[in-house]
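What follows is a set of notes on a single structure, which appears directly below.
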Amino acid sequence: MTGLPVLPDALLRLPVAHRAYHDIASGRPENSRAAIRAAIAAGYGIEIDLQLTADGAAMVFHDYDLGRLTGQAGPLRRRSAAEASAIPLLNGDGETIPRFEEILDLVAGRVPLLVELKDQDGAMGPDVGSLEAATARALSGYAGPVAVMSFNPHSMAELARLAPELPRGLTTCSYDPADWPLTVETCERLRAIPDFERVGAGFISHQAGDLSRPRVRALHSDGVPVLCWTIRSPEAEAEARKLADNITFEGYAAAIPA
Numbered sequence: 009m010t011g012l013p014v015l016p017d018a019l020l021r022l023p024v025a026h027r028a029y030h031d032i033a034s035g036r037p038e039n040s041r042a043a044i045r046a047a048i049a050a051g052y053g054i055e056i057d058l059q060l061t062a063d064g065a066a067m068v069f070h071d072y073d074l075g076r077l078t079g080q081a082g083p084l085r086r087r088s089a090a091e092a093s094a095i096p097l098l099n100g101d102g103e104t105i106p107r108f109e110e111i112l113d114l115v116a117g118r119v120p121l122l123v124e125l126k127d128q129d130g131a132m133g134p135d136v137g138s139l140e141a142a143t144a145r146a147l148s149g150y151a152g153p154v155a156v157m158s159f160n161p162h163s164m165a166e167l168a169r170l171a172p173e174l175p176r177g178l179t180t181c182s183y184d185p186a187d188w189p190l191t192v193e194t195c196e197r198l199r200a201i202p203d204f205e206r207v208g209a210g211f212i213s214h215q216a217g218d219l220s221r222p223r224v225r226a227l228h229s230d231g232v233p234v235l236c237w238t239i240r241s242p243e244a245e246a247e248a249r250k251l252a253d254n255i256t257f258e259g260y261a262a263a264i265p266a
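Below, the structure written as structure tokens:
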């Protein structure tokens, strides 16, 4: 790990709000400006997701399809940045899909950011590049604590090429083929986290229920920071912290260590 960009200490110390500190009942959709502001006010780290538009912009949005979060039909990838920026989020009091640059301006280094690039290949393969380039452009000159990650190792390899100074990691899990639109062979390969060294990763963010996996324990024993996702109760948090260095949480108010 010598010479690799180091995960900011704040992402090991502060609980990380999953898709920001969202709460539909309070008018804060996931990955929204309102959820970002709430996380900042509470002093949490923030995890957000990036998807790509038709004209190569990075938007803060989790799903590939617009339906669940906006009620509109079709993939976000088919909309321009201008079109996407005008689409209201459901239960968001008129708030629209934010651009990544706008969220960076809003956070402005006040709390740490954990940025997940969603797989754009469709099968965790090498057809990546545009979202990584948009991410690198947006983060150029950003002074706050930030790290990037993806389930797709090719995405992190590309970011290592474009922005080697950015702390980067892999989002990892048990890769149950029943839960993933991937081949059994691809699931078996990714489950072993074989690309960690190749992409110059400095941490993993692993599925909470799979933290006892031998490969995860071996990485942790080697000094690799292990974050985990997604914690939904104080009880689950207490269990996860026995094996992970920090949590990504939602649905409750995680305690901030003194």
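Counting from 9, one number per residue, gives the positions in the sequence shown under the numbering used here.
From the three backbone atoms N, C-alpha and C, an ideal C-beta is built for every residue, glycine too.
Predicted model, so just to flag it, every value in this text is computed and none were measured.
- Alpha carbon to alpha carbon, how far is residue 46 from residue 264? 14 Å
- Message: Could you tell me the alpha carbon to alpha carbon distance between residue 9 and residue 210, rounded to whole angstroms?
- Response: With a pLDDT of only 46 at residue 9, under the threshold of 50, the placement of this residue in the model should not be trusted, and no figure is reported.
- Item | Of the residues 54, 29, 65, the one placed nearest residue 20, counting alpha carbons only | 54
- Tell me whether the beta-carbon of residue 171 lies closer than 9 Å to the beta-carbon of residue 148. yes
- Candidates 199, 201, 260, 159: closest to residue 132 by CA position: 159
- Item | In chain order, each beta strand (DSSP E) run of at least 3 residues that lies wholly inside the segment 103–189 | 121–125, 154–158, 176–180
- Own chain, CB closer than 7 Å to residue 102, minus 5 neighbours either side, in chain order: 96
- Within 10 angstroms of its Cβ, does residue 87 collect 16 or more other Cβ (buried), or is it exposed? buried
- Item | Range of the contiguous alpha helix (DSSP H) that encloses residue 75 | 75–78
- Drop a sphere of 10 angstroms on the beta-carbon of residue 37, count the other beta-carbons inside from all chains shown, and report buried for 16 or more, exposed for fewer. buried
- Mind checking who residue 25 pairs with in its DSSP beta bridge? 54, 257
- With distances taken between CB atoms, is the gap from residue 215 to residue 126 smaller than 9 Å? no
- Query: Residues bridged to residue 214 by DSSP?
  - Reply: 180, 236
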